[in-house]
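Trainee: Residue numbers (the numbering used here): 2 to 169.
We put the CB at the ideal spot given by N, CA and C, even for glycine.
As the structure is a computational prediction, the values presented were derived from the model and not from experiment.
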Amino acid sequence: MVDEHKAHKAILAYEKGWLAFSLAMLVVFIALIAYTLATHTSGVIPAGKLERVDPTKVRAEGPWADPAQAVVETGPNQYTVYVLAFAFGYQPNPVEVPKGAEIVFKITSPDVIHGFHVEGTNINVEVLPGEVSTVRYTFKKPGEYRIICNQYCGVGHQNMFGKIVVKE
Numbered sequence: 002m003v004d005e006h007k008a009h010k011a012i013l014a015y016e017k018g019w020l021a022f023s024l025a026m027l028v029v030f031i032a033l034i035a036y037t038l039a040t041h042t043s044g045v046i047p048a049g050k051l052e053r054v055d056p057t058k059v060r061a062e063g064p065w066a067d068p069a070q071a072v073v074e075t076g077p078n079q080y081t082v083y084v085l086a087f088a089f090g091y092q093p094n095p096v097e098v099p100k101g102a103e104i105v106f107k108i109t110s111p112d113v114i115h116g117f118h119v120e121g122t123n124i125n126v127e128v129l130p131g132e133v134s135t136v137r138y139t140f141k142k143p144g145e146y147r148i149i150c151n152q153y154c155g156v157g158h159q160n161m162f163g164k165i166v167v168k169e
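This is the structure in structure tokens:
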């Protein structure tokens, strides 16, 4: 009976140790999440800063209306490209930009949800009607980069491609 009592106390101490360890890890994880939220908000769009457009007028008004004016030089070696993703293509197509320039893509849609994925890069955004998706990228190598819609957008989705031509 004495041995049983010692064994029970040993198991109880072992369980208390693991319980204390689990609670300590929970506190550490919560503290890390709080620290990350407090210090790493640069990638988060603050409330009220989301850029919106009227999807019914985007083809007729604003920077997406004229594909010939879609690539705008905004500074030395900086460009903004206004891309319209629609069923089942991209405008402008192709997009021509210089190598080494910082490119800011502003992408929207007049109809349904689309994707904007540029092969060989980490550009991969969801494009929602009425909202402007913004992504920055600098192409370090000249060549042709294919744009793929990675969100099912209807019966012609498999044919929805675009092209970015990066010139020397």
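On the criterion of 16 or more Cβ atoms from any shown chain inside 10 Å, does glycine 163 qualify as buried, or is it exposed?
Mentor: That one is buried.
Trainee: Compute the Euclidean distance between the alpha carbons of phenylalanine 117 and leucine 33, then round it to the nearest angstrom.
Mentor: Computed Cα separation, rounded: 33 Å.
Trainee: Compute the Euclidean distance between the alpha carbons of tyrosine 8 and leucine 24, then round it to the nearest angstrom.
Mentor: Position check: residue 8 holds alanine in this sequence, whereas tyrosine was assumed. Using only the alpha carbons, I get a separation of about 24 Å.
Trainee: Is tyrosine 91 buried or exposed, if buried means 16 or more other CB atoms sit within 10 Å of its CB?
Mentor: Burial call: buried.
Trainee: Specify whether the region 121-138 and the region 97-112 touch according to this definition: at least 3 beta carbon pairs, one from each stretch, less than 8 Å apart.
Mentor: With a cut-off of 8 Å, the region 97-112 and the region 121-138 count as touching, because enough Cβ pairs lie within range.
Trainee: Assuming tyrosine 138 and isoleucine 124 are in contact, meaning their beta carbons sit under 8 Å apart, how far apart are those beta carbons, in whole angstroms?
Mentor: Between isoleucine 124 and tyrosine 138 the Cβ distance is about 5 Å, and since that is below 8 Å, they are a contact.
Trainee: Assuming glutamate 169 and proline 143 form a contact by the criterion Cβ under 8 Å, report the distance between their Cβ atoms to the nearest whole angstrom.
Mentor: About 5 Å; that satisfies the 8 Å criterion.
Trainee: Kindly give me the distance between the Cβ atoms of valine 72 and valine 54, rounded to whole angstroms, as I take these residues to be in contact under 8 Å.
Mentor: With 8 Å as the limit, valine 72 and valine 54 do not qualify as a contact, their Cβ atoms being about 18 Å apart.
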